[in-house]
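In the working numbering, the protein residues as written are 419 to 569. No residue lacks a Cβ here, since even glycine has one placed at the ideal position from N, Cα and C.
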Amino acid sequence: MGEIRISLLKPVAMVFMLCLAGLIMSGELYASRFLDNGDGTMTDLQTGMMWTREPIPVGEVVWNKAVSTSQSFSISGIGGWRLPEKDELAIFARALRSEPFPGVFRATCWSNTQDVAVRDNALYVYMKFGTDYSDSMWFSRHCVWPVRASQ
419 MGEIRISLLK PVAMVFMLCL AGLIMSGELY ASRFLDNGDG TMTDLQTGMM WTREPIPVGE
479 VVWNKAVSTS QSFSISGIGG WRLPEKDELA IFARALRSEP FPGVFRATCW SNTQDVAVRD
539 NALYVYMKFG TDYSDSMWFS RHCVWPVRAS Q
């Protein structure tokens, strides 16, 4: 009976070590993907896009307000921001799952992509999973997480 327990312990220990190594390596991969610019922005080195470290603090707004707020936004003297397209925001959200940023997991953020199937709807992304949904541009409210090309 004791021999069975010992023989089971070795594979369990091996699986644990492999999982731990995977977690460490995924953290290293994450660290190499994003560059903290030290000014409230970060650059995604894989896509070349610059993002704010968190959604801008205007609260949840309707879609047209999200578009205009993104376009007029400036941080640390850096302008040229815009509301991201659905795919850009979804890729960004999935990349952030490696390491949480402030406000990421509860946030639903507008994209600049209008819903072609439902008039007066635009797509937003649930940042926890990187999945997109359709919602009313005029009545629904989501946060604003602007993007721009890196400098």
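Sequence-distant residues of the same chain with beta carbon closer than 8 Å to Asn-539, five excluded per side: The residue given as residue 539 occupies position 121 in the sequence shown. Contacts found: Gln-532, Asp-533, Ser-552, Asp-553, Ser-554, Met-555.
Taking the alpha-carbon positions, what's the Ser-492 to Trp-499 distance? Looking up residue 492 in the sequence shown gives position 74. Looking up residue 499 in the sequence shown gives position 81. Approximately 7 Å between the Cα atoms of the pair.
7 Å CB neighbourhood of Lys-504 in its chain, flanking five on each side removed: Here residue 504 corresponds to residue number 86 of the sequence shown, with the count starting at 1. Close CB contacts of Lys-504 within its chain, under the 7 Å cut and outside five residues either way in sequence, are with Ser-529, Thr-531, Leu-541, Val-543, Asp-550 (chain order).
Please name the residue, chosen from Arg-537, Ile-474, Val-536, Gly-497, that lies closest to His-560 on a Cα-to-Cα basis. Taking the sequence shown and counting its residues from 1, one reaches residue 560 at position 142. His-560 has its Cα closest to that of Ile-474, out of Arg-537, Ile-474, Val-536, Gly-497.
Nearest neighbour of Ile-509, chosen from Asn-455, Gly-456, Ile-496, Trp-469 [CA to CA]: As a first step, residue 509 must be located in the sequence shown, where it is residue number 91. Ranking Asn-455, Gly-456, Ile-496, Trp-469 by Cα distance to Ile-509 puts Trp-469 first.
Where does the unbroken beta strand (DSSP E) through Thr-470 begin, and where does it stop? Start at 1 with the first residue of the sequence shown, and residue 470 comes out as number 52. Unbroken beta strand (DSSP E) run through Thr-470: 467-470.
Roughly how far, in whole angstroms, is the beta-carbon of Gly-456 from the beta-carbon of Arg-471, given that I think they are within contact range, below 8 Å? Taking the sequence shown and counting its residues from 1, one reaches residue 456 at position 38. Taking the sequence shown and counting its residues from 1, one reaches residue 471 at position 53. No, Gly-456 and Arg-471 are not in contact; Cβ-Cβ is about 10 Å, not under 8 Å.
Could you confirm whether any beta carbon from chain C is found closer than 8 Å to the beta carbon of Phe-452? Absent here is chain C; the protein component of the structure consists of one chain.
Taking the alpha-carbon positions, what's the Ala-511 to Pro-502 distance? Mapped onto the sequence shown, residue 511 falls at position 93. Mapped onto the sequence shown, residue 502 falls at position 84. Using only the alpha carbons, I get a separation of about 12 Å.
Across which residues does DSSP place Asn-539 in a beta bridge pair? Looking up residue 539 in the sequence shown gives position 121. DSSP lists Ser-554 as partners of Asn-539.
Ser-488 and Pro-564: beta carbons closer than 8 Å? For the purposes of this step, residue 488 is identified with residue 70 of the sequence shown, where counting begins at 1. For the purposes of this step, residue 564 is identified with residue 146 of the sequence shown, where counting begins at 1. The answer is yes: Cβ separation under 8 Å.
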